[in-house]
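Sequence order for the protein chains is Z and P. Position 199, counted from 1, in the first sequence is what our numbering calls 803; the numbers after and before it change by one each time, with no gaps. Position 5, counted from 1, in the second sequence is what our numbering calls 100; the numbers after and before it change by one each time, with no gaps.
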Amino acid sequence: MKVLAIFAAASLTGVLPSIDRAPKFQFAGSDQLAFQITQGAHADVFAAASPKYPEQLYSQGLCSKPAAFATNTVVLIMPSANPAHIRSVYDLKGHGIKLVIGAKGVPIGDYTRKLLAKLRLSSALKNVVSEEDDVKLVVAKVALGEADAGFVYRTDVKSVGNRVLRIAVPAAGQPTVRYELCIPTTSQHSKLAAAFVREVLSNRGRTALRTAGFGLP
Amino acid sequence: MRLLFGAAAAVALTFLALPVVAIFLRVSPTTLVHELSDPVARDALVVSLRTSALAQALVVGLGTPTAYLLATRRFRGRTVLLTLVELPLVLPPAVAGIGLLAAFGRTGLLSTSIPFTQLAVVLAIAFVSAPFFVRTAVASFEGLDPTLIAAARTLGAGPWRVFARVALPLAASGLGAGLALSFARGLGEFGATIMFAGSLQRVTQTLSLAIYAEFARNFDVALAMGALLVAFSFILLLVVKWLSFGWTSPFRSAPSSSA
């Protein structure tokens, strides 16, 4: 019985198992997963929240040509009590706000920095109280009510719906969030892995992604 | 039988030593030193030393009187208290993190604003490392010759004087060993810190957190910090051995005082 090992971005936690429940999933920051693959970890599919890591592996000959399969948008979330009374991303510059973001190198962390720079809000980085290693940790710290605000993907809000408020980021600041997947060359089940990739790219996969709030490329 | 035990010992020792040796073999000593000058590593070292020093001051300051009471008084519920003190020893760090959040989090029992501050790191370290000190301290206070205490009392020393001038100096090496153990455990603290204090360079990112943050990004820096922690821990454990048994053949005297 062959069971695929799927290494996927933390933001895909809910949706990929809804497309196919059979594989073993490991969800984490895309940068960590990519590193594990370069270290020889046995992965059959690598699905990342940014083209950066699949393209990197591809150029090193460590995985097949990456295919884009989903898009996402970055949103700002606050605990539902909104202790810091945040009404727009521009409030993040305020004094004493506890902002939690992704660490550098983690896709959500890089998107967040890009977004703040585009909106000329980089000074809000002084309010960062913690840099998390994947997006779900950002979600958790906000949903717990410990942080005042955090940048996450639109699709992350579903799992904590009633515990957080969501604000859209102005279109001018919205980065392009594109998910890509590829088959690492170390995969011992590359045929089965290709079938999984086809499934994600199929109509059924696309419907599941859309239901979960993802956009399609 | 000797062959069998020898083989088992060889496998065990190799297994235990290999990861440690590998850290040092993977990168040359000069590179290690060079990588430690990376700002992430330097900041993490400062945060680690600062928070560890504060946490251990807290542990010794509050832990010593606690251990003295637990060692010298007999009362109902003493065993329960001793067990409670030892609990963080076996508690998964993630549980410690959840517990600290539930107690000191903004939405927690005491609803403080401690999370994400350096104080949160100090509390996390103190929580997980205190048992190492208190346990050893209780054992050393219990191991004191009762006739010496009694002699001091009959010579007119009050309880404070007995504690400060007799019990404390006699138990000092045991307390030192406990402190070294506690310090070593505190330096390695990871799970409770990342949950309760988060991770931010220069503020809450200790060496252990920095290793985790850097291993995917800059493996050599992570490796260098790992090597530093190995060296620290090795020295601290040597200190424990020295304080507990003296330099002469620590292992021969080990069975008689299995503190």
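The C-beta atom is built at its ideal place from N, Cα and C for all residues, glycine as well.
For the stretch 778 to 809 of chain Z, the continuous beta strand (DSSP E) assignments of 3+ residues that do not extend past its boundaries occur at 781 to 786, in sequence order. Remark: C-beta atoms of Leu-696/Z and Pro-774/Z do not approach each other more closely than 8 Å. Looking at the DSSP output, Gly-706/Z bridges to Glu-736/Z. Contact between the stretch 269 to 284 of chain P and the stretch 677 to 691 of chain Z is absent: fewer than 3 CB-CB pairs across the two stretches fall below 8 Å. Put simply, the stretch 143 to 155 of chain P touches the stretch 278 to 298 of chain P. At least three CB pairs are less than 8 Å apart.
In this model, Gly-633/Z and Ala-613/Z are separated by some 6 Å (Cα to Cα). Under the three-state reduction of DSSP, Ala-162/P is assigned to helix. Per DSSP, the beta bridge partners of Gly-754/Z are Ile-681/Z and Val-704/Z.
Residue-level contact by beta carbon holds for Val-733/Z and chain P, with a gap shorter than 8 Å.
For a Cβ distance threshold of 7 Å, nothing in chain P lies close to Glu-659/Z: the least Cβ distance comes to about 16 Å.
Comparing alpha carbon positions, the residue from Phe-170/P, Gly-293/P and Val-229/P closest to Val-733/Z is Gly-293/P. Looking at the backbone, the Cα of Phe-650/Z and that of Arg-97/P are separated by about 50 Å. Less than 8 Å separates the beta-carbon of Ala-139/P from that of Thr-301/P.
Fewer than three beta-carbon pairs drawn from the stretch 174 to 194 of chain P and the stretch 247 to 267 of chain P are found closer than 8 Å, and the two stretches are therefore not classed as touching. Residue nearest to Thr-161/P within the set Thr-231/P, Gly-321/P, Pro-188/P and Pro-124/P is Thr-231/P (criterion: CA-CA distance).
With respect to the C-alpha of Pro-264/P, the residue from Ala-191/P, Thr-159/P and Val-223/P having the closest C-alpha is Thr-159/P.
Annotation for Thr-642/Z: the continuous alpha helix (DSSP H) segment containing it runs 634 to 642. CA-CA distance, Ala-103/P to Thr-790/Z, rounds to 34 Å. Residue Ala-674/Z holds the alpha-carbon nearest to the alpha-carbon of Ala-816/Z among Ala-647/Z, Ala-674/Z and Lys-606/Z.
For the stretch 199 to 220 of chain P, the set of residues with a beta-carbon nearer than 7 Å to any beta-carbon of chain Z comprises Gly-200, Arg-201, Thr-202, Pro-210 and Phe-211, in chain order.
For the stretch 264 to 294 of chain P, the beta-carbon criterion of a distance under 7 Å to any beta-carbon of chain Z is satisfied by Gly-293 and Ser-294.
Residue contact check for Lys-702/Z against chain P: a CB pair falls below 8 Å.
For Val-768/Z, DSSP records a beta bridge to Pro-683/Z.
Here the alpha carbon of Glu-309/P sits roughly 47 Å from the alpha carbon of Phe-258/P. Nearest to Thr-617/Z by alpha-carbon distance, out of Ala-776/Z, Asn-766/Z and Val-739/Z, is Val-739/Z. Using a Cβ-Cβ cut-off of 8 Å, Asp-760/Z does not count as an interface residue toward chain P, since no Cβ of chain P sits closer than that to its own. In this model, Ser-147/P and Val-217/P are separated by some 7 Å (Cα to Cα).
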